[in-house]
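In our numbering, the protein residues as written are 16 to 520. We put the beta carbon where it would ideally sit given N, CA and C, even for glycine.
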RNA sequence: GGUGGGUUCGUAUAACGGCUAGUACUCAAGAUUUUCAUUCUUGCAAUAGGAGUUCGAUUCUCCUACCCACUACCA
């Protein structure tokens with residue numbers, strides 16, 4: 016049995032979005048489940064769309080998620096450029112592998128599976144326009160290539176001349192004219208396509224001496240001994256070409272699996288950057304500042320835990336077949352299989368995403384959460400001991416989804432209220448209740464004693480307590496009185512009550 | 001337009017021909033609680049439509065509708 020080797024091969028054309036992270040995750044899980052390798056490769060064969068900083072962004076995103084490549088990164092965590100024991104196939108950046116691809120493109124021409132094409136962009140544009148005005152679709156393949164400028168139609172001397180003189184020619188795949196391509200996909204099953212509907216894709220460009228995705232992808236997957244190609248559904252239409260390419264080279268092809276797309280929460284279409292901005296959730300793992308200064312929020316900066324993010328991503332398109340929803344990375348490795356990946360696109364639900372984080376927050380230790388909260392407390396001018404913060408966290412963690420919710424839930428344990436919610440004042444601050452509350456507060460030394468005091472007199476517990484809470488927190492909601500008093504102390508409690516009396520009556 | 005893929009509660013999904021179509025999120029109601037939140041209980045809510053195969057179809061086949069992707073010298 017061949018070793019499982021999978022790869023994640025993004026283009027550095029923009030920040031990795033959550034769909035991309037999910038693709039990386041599924042690849043990683045399959046690799047780890049089978050004791051195989053997860054390889055990171057950067058497909059930067061389109062020099063025009065390169066966006067600075069995205070390669071680093073991709074690497075950092077994967078690292079944050081705990082998706083660690085077995086191959087592709089050097090000791091300093093950068094994309095490996097020099098081959099060594101760990102990275103035998105370096106470089107892993109396609110722009111640095113130029114020399115490799117040309118050889119293979121020429122091999123295909125020699126074997127009759129590809130040819131040189133000399134059509135200019137304008138000529139192709141015209142051909143398309145003509146076909147369209149005739150109500151047809153232009154396809155560069157067996158049906159049209161005979162009338163176009165290429166090494167199949169031009170005399171050999173002319174071809175040699177153009178090859179030498181011009182710098183804008185390409186190598187195109189010679190698509191068979193009428194052949195059924197039969198394919199198997201691990202997720203979608205058997206698929207058949209007739210080659211007459213396919214076109215002679217450009218494989219290599221003389222202009223920048225670089226291959227297009229299709230050639231580079233197949234060559235590298237072969238050279239890097241990739242056993243399973245797991246990628247997004249948008250690649251399904253080019254699967255026949257890839258099958259034919261493997262056949263033309265005489266190479267054994269990997270297994271293929273095409274993942275369903277991630278769709279926008281409402282309406283139709285795939286999830287895009289805009290949706291997040293519009294609906295108030297991130298679509299990127301980390302915050303991204305574009306070269307033009309535009310900032311996009313990230314899951315990390317929004318307060319998501321990486322394991323929660325990984326978990327929610329895993330459940331988008333896959334299910335374990337049981338009712339378990341919470342999985343650690345190790346558990347995912349155990350439970351994951353492509354057989355349980357769905358075929359239809361998954362609409363992303365931001366509400367459910369929050370639920371996952373809430374569950375993970377609860378699982379975090381009080382100490383860890385306290386440590387995460389300390390910086391924010393400091394920014395509010397609060398200097399509390401770590402022990403105390405930990406106790407507060409224990410009290411409030413089940414009310415929060417993010418650590419950033421903590422302050423809004425428990426601020427009044429650290430500072431006195433300056434304002435009182437009007438609605439709650441009219442509801443709870445009634446003279447007779449205030450009188451009872453004052454007496455109970457003053458006559459007792461602790462919350463426990465106070466409760467007994469109120470009970471002994473058969474006073475309305477709720478009314479009295481709400482009155483006190485209003486004085487403590489400025490509103491009708493919040494923690495239990497006993498808990499609040501434990502943190503602020505009797506002195507502060509009395510002070511807050513008297514201040515409320517002064518302000519409200 | 002062409003090619004390919006898809007379609008179970010609002011959302012994510014379960015049920016690999018056989019109970020009353022299950023679960024989670026959301027939402028609603030009730031219980032608990034000194035308020036709020038939590039927690040617990042209950043409820044609302046789906047097989048796109050039509051044929052066919054079968055004793056029996058969410059599941060298999062075909063047609064229709066709708067959705068998505070691709071259709072570049074982008075990936």
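Item: Closest Cα partner of residue 507 within the set 481, 518, 429 and 440; Value: 429
Item: Assigned exposure category for residue 32 - 16 Cβ within 10 Å defines buried; Value: buried
Item: Span separating the alpha-carbon of residue 483 from that of residue 378; Value: 33 Å
Item: Local conformation of residue 295 per DSSP, three classes; Value: coil
Item: C-alpha distance - residue 228 paired with residue 57, whole-angstrom precision; Value: 11 Å
Item: Cβ distance (whole Å) where residue 326 is taken to contact residue 341 below 8 Å; Value: 6 Å
Item: Cβ neighbours of residue 248 in the same chain (closer than 8 Å, five flanking residues each side left out); Value: 273, 274, 275, 276 and 360
Item: First and last residue of the uninterrupted beta strand (DSSP E) at residue 55; Value: 52 to 55
Item: Residue from 253, 222, 396 and 174 whose Cα sits closest to the Cα of residue 210; Value: 253
Item: Distance between residue 358 and residue 204 (C-alpha atoms, nearest Å); Value: 10 Å
Item: Three-state class that DSSP yields for residue 488 in the structure shown; Value: helix
Item: DSSP beta-bridge partners of residue 304; Value: 310
Item: Endpoints, the alpha helix (DSSP H) within which residue 23 is located; Value: Looking at the DSSP string, residue 23 is not in any alpha helix (DSSP H); the run it does join, the beta strand (DSSP E), is 20 to 23.
Item: Burial state of residue 109, where buried means 16 or more other Cβ atoms lie within 10 Å; Value: buried
Item: Helix, strand or coil at residue 165 according to DSSP, with G and I counted as helix; Value: strand
Item: Residue 469 beta carbon less than 8 Å from that of residue 486; Value: no
Item: Inter-stretch contact at 8 Å, needing at least 3 Cβ pairs: the region 441 to 453 / the region 397 to 412; Value: no
Item: Residues that residue 108 bridges to, as DSSP identifies them; Value: 57
Item: The region 50 to 70 / the region 284 to 294 touching (three or more Cβ pairs under 8 Å); Value: no
Item: Residue 271 in three-state terms, based on DSSP; Value: strand
Item: Contacts around residue 152, its chain only, beta-carbon distance under 7 Å, and the 5 residues preceding and following it disregarded; Value: 146
Item: Cα-Cα separation, residue 269 to residue 231; Value: 15 Å
Item: Touching by the beta-carbon criterion (3+ pairs, under 8 Å), the region 432 to 451 and the region 398 to 417; Value: no
Item: Between the CA atoms of residue 385 and residue 103 - distance to the nearest angstrom; Value: 44 Å
Item: Cβ contact (3+ pairs, closer than 8 Å) linking the region 173 to 185 and the region 113 to 133; Value: yes
Item: Residue 449, buried or exposed, once every other Cβ within 10 Å from all chains shown has been counted against 16; Value: buried
Item: Cβ-Cβ distance between residue 421 and residue 388 below 8 Å; Value: yes
Item: Supposed close pair residue 65, residue 28 - CB separation, criterion 8 Å; Value: 7 Å
Item: C-alpha distance - residue 155 paired with residue 329, whole-angstrom precision; Value: 40 Å
Item: Start-end ranges of the alpha helix (DSSP H) lying completely within the region 422 to 481, minimum 4 residues; Value: 437 to 443, 446 to 458 and 462 to 471
Item: Straight-line gap, residue 95 to residue 106 (C-alpha atoms, nearest Å); Value: 6 Å
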